[in-house]
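Peer 1: Throughout the sequence shown, residue numbering follows my numbering, covering 169 to 619 in sequence. C-beta atoms are modelled at their ideal positions from N, C-alpha and C, and glycine is treated no differently. Note that the structure is predicted; figures quoted are calculated from it, not measured. Right, I'll just put the structure down here and ask away after.
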Amino acid sequence: MGIKINKKLIFFLGALGGLLYGYDMGVISGALLFIKNDIPLNSFTEGLVVASMLVGAIFGSGASGPMSDKLGRRRVVFIIAIVYIVGALILALAPSMPVLVIGRLVIGLAVGGSTAIVPVYLSEMAPTEQRGSLSSLNQLMITIGILASYLINYAFTPIDGWRWMLGLAVIPSLILLIGVAFMPESPRWLLEHKSEQAARDVMKMTFNENEINKEIADMKEINRISESTWQVLKSPWLRPTLIIGSLFALFQQIIGINAIIYYAPSIFSKAGLGDATSILGTVGIGTVNVLITIVAIFIIDKIDRKKLLVIGNSGMVASLLIMAILIWMIGIQSSAWIIILCLTLFIIFFGFTWGPVLWVMLPELFPMRARGAATGFAALILSIGSLLVAQLFPILTDVLPVEQVFLIFAVIGIIALIFVIKYLPETRGRSLEEIEADLRSRTNATDANIK
């Protein structure tokens, strides 16, 4: 089970995979400006270097979810840490574009694993009334990782040090590898695969004593339903929720956030800012992203999840529309500070709504018997969405004015808003077992499986 430690360190280590995901997602934006000096890249191969990580993430998220249901969350995190280290070393030493792509593919396997496992682990370790804020630590770590990557990019800009930018991911990867020894296994996994006493021992670290009996009773009630992970995944009663969760993950990626994360320096450069100034602009955006995510941690358990998403959608769409209109009116060369301001507003609205709420809600939506696999499948769809944005954005900006590209994202944001209002269920204030029981009853799940 690991060495017993305090509650804060458990959740810090549990969320550390998110920091690596954020770092590897953000670092490529600055590194691309200098990789071209050593390794020739065009619009297609530039997109390929960015997107290859996301191809790896598709496989990583698809495989890690079922693995975690079988082996446990903790063991899979250990594997993920090793893969992060290997990928970072390949990138730091890459002599050519194909090796860069291979390194990004390897990193992607770990990124996909992080997106699937970290939210599940945090959700299963957290008490009901704190689940939103504690699960939001994943998004906070992602934003800290992105900011750290921007700072590292800025620090190594004077020497065109893209190898240092990519290779320094080894340091947090080693911390995660060592930290696994201090992480307890998920109590829900222990109850199903080990013993009730093992689950109780872990729950004493994060739950109040009077909550443990109720939580254990609810988990045992769910465990009495004799279904395998595969039976749950293919059951008709889960299918609507799996589709909703997957679309939710897809929308989070294609509403524009990754275009900003991956290509902000390139956008600023097109607006007439120099390389160093462009990267410094991303540092400002990254700082805002971290600060607003901290705000989200304090409010996410006080406001309904759907209400937060609607507020965020409205603000993001407005930011994109204002930016597109102003660029169209005065031209991109005169719009550098307008772009920075509007992208910052976009980040603010994303940072306290869609950013953390997705990672909180995905594990909440799915049943315990298949939570890792179902979350992994949704993370796979998320990675596909991220891949589409990463590969298509530089091509779109080559053939369309920047304002038209952001207008496309605004339209997608409006569609996402309609999806949230019409299809997404509310999960705040309910235990994971209560959410699952409601899901089964609403879809006649128990009767269907008994028959």
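Between 523, 385, 319, 413, which has its C-alpha nearest residue 594's C-alpha?
Peer 2: What you label residue 594 is simply residue 426 of the sequence shown in a count that begins at 1. For residue 594, the nearest C-alpha among the options comes from 413.
Peer 1: Could you check the C-alpha separation between residue 466 and residue 265 for me, to the nearest Å?
Peer 2: Translated into positions along the sequence shown, residue 466 becomes position 298. Translated into positions along the sequence shown, residue 265 becomes position 97. If you take the alpha carbons of residue 466 and residue 265, they lie about 43 Å apart.
Peer 1: Less than 8 Å between the C-beta atoms of residue 469 and residue 301, yes or no?
Peer 2: On the sequence shown, position 301 is the one that residue 469 refers to. On the sequence shown, position 133 is the one that residue 301 refers to. Cβ distance < 8 Å, so residue 469 and residue 301 count as in contact.
Peer 1: Kindly indicate which three-state DSSP category residue 555 falls into: helix, strand or coil?
Peer 2: What you label residue 555 is simply residue 387 of the sequence shown in a count that begins at 1. Note: residue 555 maps to helix in three-state DSSP.
Peer 1: Please list the terminal residues of the continuous alpha helix (DSSP H) segment that includes residue 299.
Peer 2: Along the sequence shown, read from residue 1 onward, the residue named residue 299 stands at position 131. Note, residue 299: alpha helix (DSSP H), 299-303.
Peer 1: Over what stretch of residues does the alpha helix (DSSP H) that includes residue 348 continue unbroken?
Peer 2: Against the sequence shown, residue 348 aligns to sequence position 180. Taken as a continuous stretch (DSSP letters only), residue 348 belongs to no alpha helix (DSSP H), as it is neither H nor E.
Peer 1: Can you tell me where the alpha helix (DSSP H) holding residue 290 begins and where it ends?
Peer 2: To locate residue 290, count along the sequence shown from 1; it is residue 122. Here the alpha helix (DSSP H) through residue 290 covers 265-293.
Peer 1: Tell me whether the stretch 519-527 and the stretch 303-314 touch, counting them as touching only if at least three CB pairs, one residue from each stretch, are closer than 8 Å.
Peer 2: The stretch 519-527 vs the stretch 303-314: in contact.
Peer 1: Can you give me the start and stop residues for the alpha helix (DSSP H) that residue 586 sits inside?
Peer 2: Counted from its first residue, the sequence shown places residue 586 at position 418. Looking at the DSSP string, the run of the alpha helix (DSSP H) that includes residue 586 is 570-591.
Peer 1: Would the stretch 217-230 and the stretch 274-290 be scored as touching if the rule is three or more Cβ pairs under 8 Å?
Peer 2: Yes: the two stretches touch, three or more of their Cβ pairs being nearer than 8 Å.
Peer 1: Give every residue of the same chain whose Cβ lies closer than 6 Å to the Cβ of residue 244, excluding the five residues on either side of it in the sequence, and list them in chain order.
Peer 2: Position 76 of the sequence shown, counting from 1, holds the residue named residue 244. Contacts found: 232, 235, 236, 285.
Peer 1: Report yes if the CB atom of residue 257 is closer than 8 Å to the CB atom of residue 335, and no otherwise.
Peer 2: Sequence index remark: in the sequence shown, residue 257 carries index 89 (1-based). Sequence index remark: in the sequence shown, residue 335 carries index 167 (1-based). Going by C-beta atoms, residue 257 is nearer than 8 Å to residue 335.
Peer 1: Just to confirm, is the Cβ distance from residue 215 to residue 552 under 8 Å?
Peer 2: Along the sequence shown, read from residue 1 onward, the residue named residue 215 stands at position 47. Along the sequence shown, read from residue 1 onward, the residue named residue 552 stands at position 384. Going by C-beta atoms, residue 215 is not nearer than 8 Å to residue 552.
Peer 1: Looking only at its chain, what residues have a beta carbon closer than 6 Å to the beta carbon of residue 533, apart from the 5 residues adjacent to it on each side?
Peer 2: As a working note, residue 533 is residue 365 in the sequence shown. Counting only Cβ-Cβ distances below 6 Å, and skipping sequence neighbours, we find 409, 413.
Peer 1: Report the residue from 333, 195, 281, 220 whose alpha carbon sits nearest the alpha carbon of residue 229.
Peer 2: Residue 229 sits at position 61 when you count from the first residue of the sequence shown. It is 281.
Peer 1: Consult DSSP for residue 470 and reduce its assignment to one of helix, strand or coil.
Peer 2: Residue numbering aside, residue 470 sits at position 302 when the sequence shown is read from its first letter. Residue 470 falls in the coil class under three-state DSSP.
Peer 1: If you follow the alpha helix (DSSP H) that residue 242 is part of, which residue opens it and which one closes it?
Peer 2: Within the sequence shown, numbered from 1, the residue matching residue 242 stands at position 74. Counting along the chain, the alpha helix (DSSP H) containing residue 242 begins and ends at 241-261.
Peer 1: Rounding to the nearest angstrom, what Cα-Cα distance links residue 514 and residue 187 in this structure?
Peer 2: Stepping through the sequence shown from its first residue, residue 514 is reached at position 346. Stepping through the sequence shown from its first residue, residue 187 is reached at position 19. Looking at the two C-alpha atoms, the distance is approximately 21 Å.
Peer 1: Compare the C-alpha of residue 370 against each of 289, 531, 270, 478 and name the closest.
Peer 2: On the sequence shown, position 202 is the one that residue 370 refers to. Answer by Cα proximity: 289.
Peer 1: Count the other C-beta atoms from every protein chain shown that fall within 10 angstroms of the C-beta of residue 191, then say buried if there are 16 or more, exposed otherwise.
Peer 2: On the sequence shown, position 23 is the one that residue 191 refers to. Flag for residue 191 reads buried.
Peer 1: Check this for me: beta carbons of residue 292 and residue 354, under 8 Å apart or not?
Peer 2: Sequence index remark: in the sequence shown, residue 292 carries index 124 (1-based). Sequence index remark: in the sequence shown, residue 354 carries index 186 (1-based). A contact, by the Cβ cut-off of 8 Å.
Peer 1: Are the beta-carbon atoms of residue 416 and residue 305 separated by less than 8 Å?
Peer 2: The residue given as residue 416 occupies position 248 in the sequence shown. The residue given as residue 305 occupies position 137 in the sequence shown. It is not a contact, given that the beta carbons lie outside the stated cut-off.
Peer 1: Should residue 568 go down as buried or exposed, given a rule of 16 or more other Cβ atoms within 10 Å for buried?
Peer 2: For the purposes of this step, residue 568 is identified with residue 400 of the sequence shown, where counting begins at 1. Result: exposed.
Peer 1: Just mark residue 262 as buried or exposed, buried being the case when its beta carbon has 16 or more other beta carbons within 10 Å.
Peer 2: For the purposes of this step, residue 262 is taken as the residue at position 94 of the sequence shown. Counting Cβ neighbours within 10 Å, residue 262 comes out buried, since at least 16 surround it.
Peer 1: How would you write the range of the alpha helix (DSSP H) that residue 419 sits in, first residue to last?
Peer 2: Position 251 of the sequence shown, counted from the start, is the residue given in the question as residue 419. Here the alpha helix (DSSP H) through residue 419 covers 407-422.
Peer 1: Kindly list the residues whose CB is nearer than 7 Å to the CB of residue 566, restricted to its own chain and excluding five residues on each side of it in sequence; keep chain order.
Peer 2: Within the sequence shown, numbered from 1, the residue matching residue 566 stands at position 398. Closer than 7 Å at the Cβ level, and outside the excluded window around residue 566, lie 211.
Peer 1: Residue 523 lies in the alpha helix (DSSP H); which residues open and close that run?
Peer 2: Here the question's residue 523 lines up with position 355 in the sequence shown. Note, residue 523: alpha helix (DSSP H), 522-533.
Peer 1: DSSP on residue 375, reduced to helix/strand/coil?
Peer 2: The residue labelled residue 375 in the question sits at position 207 within the sequence shown. DSSP places residue 375 in coil when its eight states are reduced to three.
Peer 1: Mapping the DSSP letters down to three states, classify residue 182 as helix, strand or coil.
Peer 2: What you label residue 182 is simply residue 14 of the sequence shown in a count that begins at 1. Looking at residue 182 - three-state DSSP - the assignment turns out to be helix.
Peer 1: Quick test of your reading: residue 577 and residue 479, contact by CB under 8 Å. State the CB separation rounded to the nearest angstrom.
Peer 2: Within the sequence shown, residue 577 is the residue found at index 409, counting from 1. Within the sequence shown, residue 479 is the residue found at index 311, counting from 1. Rounded, the Cβ-Cβ distance is 18 Å, inconsistent with contact.
Peer 1: Specify, as a first and last residue, the run of the alpha helix (DSSP H) that residue 334 falls within.
Peer 2: Reading the sequence shown from its first residue, position 166 is the one you call residue 334. From DSSP, the alpha helix (DSSP H) with residue 334 extends over 330-335.
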